[in-house]
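As you go down the protein sequences, you meet chains Z and E in turn.
Under our numbering, the first residue of the first sequence is numbered 857, with each subsequent residue one higher.
Under our numbering, the first residue of the second sequence is numbered 133, with each subsequent residue one higher.
Heads up, the beta-carbon is just placed ideally off N, CA and C, and yes, glycines get one too.
To start, the structure itself, in structure tokens.
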Amino acid sequence: MAGGTLQIKAISGHAGPVAGANTSRDYDVCKLVDTTTCIGCKACEVACVEWNGYPFRPTSFDNTYQTMPNTEWNYWNLIRFDEHENADGTFQWLMRKDQCMHCEDPGCLKACPADGAIVQYSNGIVDFQQEHCIGCQYCVTGCPFDIPKFNQETKKVFKCTLCSDRVNAGLEPACIKSCPTGCLHFGSKDDMLALAQARATQLREHTSHRNAGVYDPEGVGGTHVIYVLHDSSNPEKYGGLPKNPRVPILVQLWKGPLKWLGGLSMMFGVMGVAIHYLRFGPKEAEMKDADIQKEDRNRGN
Amino acid sequence: MGTRAVLHRGPKTDQIERYTPAERIAHWLTAGTYVYAMATGLGFFTPYMYWLVEIVGGGPTARFWHPIIGLGYVFTNVYLHHQWKSDLKLIPEDRVWLDKVKYYITNEDDLLPEQDRFDAGQKLFYWGMLYCAVILLVTGVVMWFPESIGRSWHWVLPLVVIIHSAAALITIGGLIIHVYMGVFMVPGSVKAMTIGYVSRGWAILHAPLWYKKVANGRTVK
Ligand code: HEM
Ligand code: SF4
Ligand code: SF4
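What follows is the structure in structure tokens.
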């Protein structure tokens, strides 16, 4: 990316380390969300709304610690809250930061018909370009995580940009910057995977979370947002995180073989009638008036 | 004053009215709305034809109008149906014509059974377009408002799009043949659908039974 060279290495008068230093963000960036240390404070939700400049929208209270039922076109980042009852009768509060996963194989991009409405940068960020979006919502169909959200008023679709504007300027995403517990990390995919694996191992070996693991689903080629889960055998319980997400098979069929089949059939159709014309020509009705009168007499008219 | 050219009113004596003004208006409304929906739809269908969307005002404009003009297409179809349904009813004799359709293709029309106002091929084209219009309508409305489909039903969306584009492709196949027949294969047809009249020769060759009926007094001018 153009701004990749402007990555900040040191900051004057700055308390603590430079966020994301020593990582190579100019390729393969990644957000790591450690659900085991998230306290559900929603600082990241507020930071997201603030950085992206949307007014805070009305929320609805439904007896949980979740801000609203779903992400919205102007609310891209939502801490999903689930009260989970374990087999031994104990309760667990599960907090998962839900946002675009920035899939390596993005179904939204595959499904989109509009030239340039969705781009994927070489660093892995999948970004919507609203000026090219036609509002057909095919991306909603293609996304296995139910992320793109439609704005009825502007007829455009929005989602988390992974703060492509900040990342381009060498900054970490706004949500990462705001997180008070350090459960959010940002860096290169390799670094984040290593960190996540180390944390999962630690959980398995030193806590009761024997199934702790990393969520980096293969079905979509891996994602540029990865999770550490206490129980990676059942991601569904974290607010419906799909176990094996993939670009829907029907979308692959529609955007793959059927496109070609349709296009070729139309070409053969046009070629077919052209060849027919050259071979057989038109059906000329050449009858003189005398013939017509004879014909009429024959028919008894 | 010498001889004076007089504006000829109505058809010449050897001509027969084939389509009434109402029929022609209905036909061209159907054709116009269809072509717009087809062109924009093809733009959405494949990036190689996205330029079709650009020439009618760009993506968002095309996305706005495609479903509305598509609805218009369905309505004009209903109007057309209202006028033509009796002439387009499939009758048992149509089977015979269809069994011998290869003679039609090879321009050996004299080997075919005589046809009424519309031949069996035209009837099939018509009914195909009508049924596909119903499919396009039902699937199109779902695609128009995908946000009304709950998350657990999202998987039907690509299926709906596939059915919509399959129905569209069937009609495009029909249309290629239809336009080819009208413009190239059967000279005089364009005139029939624009100014409304055909020559007697045309009628005897392409719709002999119908010719017999109209020649018996009703519509021959
Ligand atoms: C009955 C009225 C119709 C409605 C409500 C309707 C609606 C839609 C909608 C909402 C879409 C989604 C794409 C978009 O708008 O951006 C679409 C796509 C499409 N429509 Fe229609 N449509 C109708 C009639 C037609 C007709 C008459 C054709 C004629 C060929 C057609 C051909 C297509 C094609 C080829 C696509 C692209 C499918 C793809 O992306 O694979 N539609 N239609
Ligand atoms: S999560 Fe959905 S919107 Fe985000 S990149 Fe993947 S498919 Fe696209
Ligand atoms: S709504 Fe916009 S971004 Fe989504 S598929 Fe359609 S054109 Fe692409």
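Enclosing beta strand (DSSP E) for residue i [first to last residue]
i               : result
S331 (chain E)  : 329 to 331
Y1083 (chain Z) : 1081 to 1085
K1111 (chain Z) : Element bounds for K1111 (chain Z): not the beta strand (DSSP E) but the alpha helix (DSSP H), 1105 to 1111.
H1065 (chain Z) : From DSSP, H1065 (chain Z) is part of no beta strand (DSSP E); its letter is neither H nor E.
E939 (chain Z)  : 934 to 941
V885 (chain Z)  : 885 to 890
V975 (chain Z)  : 974 to 976
Option nearest residue i by Cα separation, candidates the options
i               : options                         : result
P224 (chain E)  : E:F177, E:V210, E:A158, E:A252  : E:A252
L212 (chain E)  : E:E279, E:E155, E:E149, E:Y343  : E:E155
I308 (chain E)  : E:M170, E:R150, E:L161          : E:M170
D1087 (chain Z) : Z:R952, Z:C897, Z:F912          : Z:R952
F207 (chain E)  : E:Q247, E:Y236, E:D231, E:A163  : E:A163
V1168 (chain Z) : E:T172, E:A339, E:L289, E:Y329  : Given that chain Z is displayed from residue 857 to residue 1157, the structure contains no residue 1168 (chain Z) and the question cannot be resolved.
K1045 (chain Z) : Z:E941, Z:E906, Z:N979, Z:S1020 : Z:N979
P1073 (chain Z) : Z:V1103, Z:N1067, Z:V1023       : Z:V1103
Y1133 (chain Z) : E:Y343, E:S331, E:M317, E:R332  : E:M317
R175 (chain E)  : Z:A943, Z:L1027, Z:C959, Z:I990 : The amino acid at residue 175 (chain E) is misidentified as Arg; the sequence shows Gly. Cα-wise, what sits closest to G175 (chain E) is Z:I990.
Q269 (chain E)  : E:S284, E:H286, E:S297          : Note on identity: in this sequence residue 269 (chain E) is Leu, with Gln being the wrong assignment. Comparing Cα-Cα distances from L269 (chain E) to each of E:S284, E:H286, E:S297, the minimum goes to E:S297.
N-terminal and C-terminal residue of the alpha helix (DSSP H) that residue i is part of
i              : result
G998 (chain Z) : 994 to 998
V254 (chain E) : The sequence shown places Gln at residue 254 (chain E), not Val. From DSSP, the alpha helix (DSSP H) with Q254 (chain E) extends over 252 to 276.
F177 (chain E) : 153 to 177
N209 (chain E) : 191 to 216
E186 (chain E) : 183 to 187
I295 (chain E) : 288 to 312
D231 (chain E) : 225 to 231
Contact under 8 angstroms by Cβ, residue i with residue j
i               : j               : result
P192 (chain E)  : K1005 (chain Z) : no
Q955 (chain Z)  : N933 (chain Z)  : yes
I935 (chain Z)  : Q948 (chain Z)  : no
D1002 (chain Z) : V1076 (chain Z) : no
Q993 (chain Z)  : V1013 (chain Z) : yes
G320 (chain E)  : W334 (chain E)  : yes
Y1070 (chain Z) : Q1053 (chain Z) : Going by the sequence as given, residue 1070 (chain Z) is Val instead of Tyr. Contact: yes.
L341 (chain E)  : Q247 (chain E)  : yes
F937 (chain Z)  : G896 (chain Z)  : yes
Reduced DSSP secondary structure (H/G/I, E/B, other) of residue i
i               : result
M951 (chain Z)  : strand
H1041 (chain Z) : strand
L809 (chain Z)  : The structure shown does not extend to residue 809 (chain Z), since chain Z spans only 857 to 1157, so no value can be given for it.
C904 (chain Z)  : helix
V318 (chain E)  : coil
Y910 (chain Z)  : coil
C964 (chain Z)  : helix
E1061 (chain Z) : helix
K323 (chain E)  : helix
R881 (chain Z)  : Residue placement at R881 (chain Z) is flagged as unreliable, the pLDDT there being 48, under the threshold of 50; the coordinate-derived value follows with that caveat. Of the three classes helix, strand and coil, the one that applies to R881 (chain Z) here is coil, per DSSP.
K1005 (chain Z) : strand
D983 (chain Z)  : strand
I148 (chain E)  : strand
F1014 (chain Z) : strand
E1092 (chain Z) : helix
is_contact[residue i, chain Z] using C-beta, thresh 8 angstroms
i              : result
S245 (chain E) : Checking the sequence, you will find Pro at residue 245 (chain E) rather than Ser. For P245 (chain E), the answer is no, since every Cβ of chain Z falls outside 8 angstroms of its Cβ.
M325 (chain E) : no
R283 (chain E) : yes
S280 (chain E) : no
N209 (chain E) : no
D241 (chain E) : yes
L291 (chain E) : yes
G272 (chain E) : no
W287 (chain E) : yes
Chain E contact for residue i (CB, 8 angstroms cutoff)
i               : result
S895 (chain Z)  : Here the sequence assigns Ile to residue 895 (chain Z), which means Ser is not the residue at that position. So, not an interface residue.
E1140 (chain Z) : yes
D1002 (chain Z) : yes
K1011 (chain Z) : yes
F1014 (chain Z) : no
L888 (chain Z)  : no
P1101 (chain Z) : no
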